[in-house]
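Residue numbers (my numbering), protein chains in the order written: chain A, 18 to 243; chain B, 18 to 243. Quick notes on the structure that follows.
Here you go:
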């Protein structure tokens, strides 16, 4: 009897895992629904229906639609930032700027498009979210922006990139080229990896043809991503 | 008396002008409200309040929220496309590719940001709009995309741009860098013109430093926008 009871009653860990899985299912449903209907246009009933559960069950995990929104935004940018930092940490300390930039572009795009509902919800509803959520999220965006600012500043200090382009504009234009991809990217357009390499080469070298390599060895004029 | 009647009764043209002005006021209010609240989250009452009129007055000009949405989207992309075509038509027929690209980037950005509510409404709510409106709007987006495809194809035919980058990816990344600016651009970041020049130089030349000009005269290695 004791053994039978042990077999049917979930262990505390299983309970926690299940609860975490339910939480994740609600968040996925919320991201999908916010993306499709906007923030004001989404009700907790919509999210519950998308998650395949009763609206009442959501309250066990989240106090309000606003709390769900905050979590969706936090997870969306957090996953991208973590992926970018991890890919940077995996490089050799003396890795050249070109390699750092391409690793960051590759991991930003891969994570952004892997969790497209979260990223796209962010893009589509950021302007519509209540002020308290927006303020917190803006600070996260700024922290992530600061990471890219630092990357470009280091490249400039090392003399790896030209000094005549406003680094703040370069950063915003580059992040824009990446973020907008949630609105158009489909696998039929090519792999995410191919897109990352194209953006990296374009950002480093530009569209104009380059004349044959006349630079000293080790300072290749054509950096090849990947 | 006749003279007095002529002075007080609006002429047919004045009536049409006033009606056009009211229509424009409703559309501006609709764009602003769609941008802020999404499509599902916006009611005709919200739009009427933003336009400073009664909801009933809107029906004199537009049959439904869907019709208003269709007009906002049509106007948003139409203005940008017209501006880009006009700036291209103003160039000499033999203008070099660099000049064509920079003119297109400059006019796209200027019109996009001048009418930020329309562009941003498009960006934020496109994924949320009813299917019939979306289908029509997608065809307009595709026509505009085809203009850029043609520009890049001509650059390639003339040998003005390198042949090893997927032109479709280049186009989507470039449009993304521009379109995303409605989400972050403020005059405090610098002028729209400065942003256009930065994007043009970045797209043509890239971030890497270039070695001193060794190309034949007339084929400058550093193209300067504007």
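Just so it is clear, CB atoms sit at the ideal spot from N, CA and C, and this is done for glycine as well.
Contact of residue 178(A) with chain B is assigned, a C-beta pair being separated by under 8 Å. Just measuring C-alpha positions, the residue of 205(B), 200(B), 118(B) sitting nearest residue 166(B) is 118(B). With a threshold of 8 Å between beta carbons, residue 223(A) makes contact with chain B. In this structure, the CA atom of residue 96(B) is about 11 Å from the CA atom of residue 126(B). Listed along the chain, the chain A residues whose CB falls inside 8 Å of the CB of residue 183(B) are 207, 211, 215.
Within the segment 144-159 of chain B, those residues whose Cβ lies closer than 8 Å to any Cβ of chain A are, in chain order, 144, 145. Between the alpha carbons of residue 225(B) and residue 163(B) lies a gap of roughly 30 Å. Residue state for residue 97(B) is assigned as helix, using DSSP reduced to three classes. Inside the segment 133-217 of chain A, DSSP marks whole alpha helix (DSSP H) runs of 4 or more residues at positions 133-142, 148-174, 184-196, from first to last along the chain.
Exclusion of the five residues before and after residue 161(B) leaves 94, 98 as the residues of its chain whose Cβ lies within less than 7 Å of its Cβ.
Judged by their CB atoms, residue 109(A) and residue 168(A) are not nearer to each other than the 8 Å cut-off. Interface flag for residue 198(A) against chain B is set, since a Cβ pair is found closer than 8 Å. Residue-level contact by beta carbon holds for residue 56(B) and chain A, with a gap shorter than 8 Å. From the beta-carbon of residue 201(A), the residues of chain B found nearer than 9 Å are 189, 192, 193. Under the DSSP assignment, residue 117(A) falls in the alpha helix (DSSP H) whose first and last residues are 114-131.
When DSSP states are grouped into helix, strand and coil, residue 57(B) belongs to the coil group. In the DSSP assignment, residue 72(B) falls within the unbroken alpha helix (DSSP H) covering 72-78. Rounded to the nearest angstrom, the gap between the Cα atoms of residue 46(A) and residue 134(A) is 9 Å. Contact fails between the segment 203-215 of chain B and the segment 212-220 of chain A, because fewer than three Cβ pairs, one in each stretch, are under 8 Å apart. Under a 10 Å Cβ-count criterion, residue 63(A) is classified as buried, with 16 or more other Cβ atoms of the shown protein chains found around its own Cβ. With a threshold of 16 other beta carbon atoms within 10 Å, residue 175(A) falls short and is exposed. Within the segment 61-72 of chain A, no residue has a Cβ lying closer than 9 Å to any Cβ of chain B.
Look at residue 86(A) here: in three-state DSSP terms it is helix. For residue 120(B), no CB of chain A lies under 8 Å from its own CB, so it is not counted at the interface with that chain.
Neighbourhood of residue 53(A) in chain B, by CB distance below 7 Å: 144, 145, in chain order.
The C-beta of residue 141(B) comes closer than 8 Å to at least one C-beta of chain A. Listed in chain order, the non-local C-beta contacts of residue 172(B) below 6 Å within the same chain comprise 114, 178, local neighbours out to five positions each way being set aside. For residue 51(A), the closest alpha carbon among the candidates 218(A), 154(A), 76(A), 141(A) is that of 141(A). When only Cα atoms are considered, residue 200(B) and residue 193(A) end up about 9 Å apart. Sequence-distant Cβ neighbours of residue 185(B) in its own chain, meaning closer than 7 Å and more than five residues away, do not exist here. Inter-residue distance for residue 146(A) and residue 56(A) is about 7 Å (C-alpha atoms, whole angstroms). When secondary structure is reduced to three states using DSSP, residue 37(B) falls in the helix class. Around the beta carbon of residue 203(A), fewer than 16 other beta carbons sit within 10 angstroms, so the residue counts as exposed. Taking each of 107(B), 67(B), 182(B) in turn and checking the Cα distance to residue 220(A), the smallest one comes out for 182(B).
When DSSP states are grouped into helix, strand and coil, residue 44(B) belongs to the helix group. At a cut-off of 8 Å between beta carbons, residue 226(A) contacts chain B.
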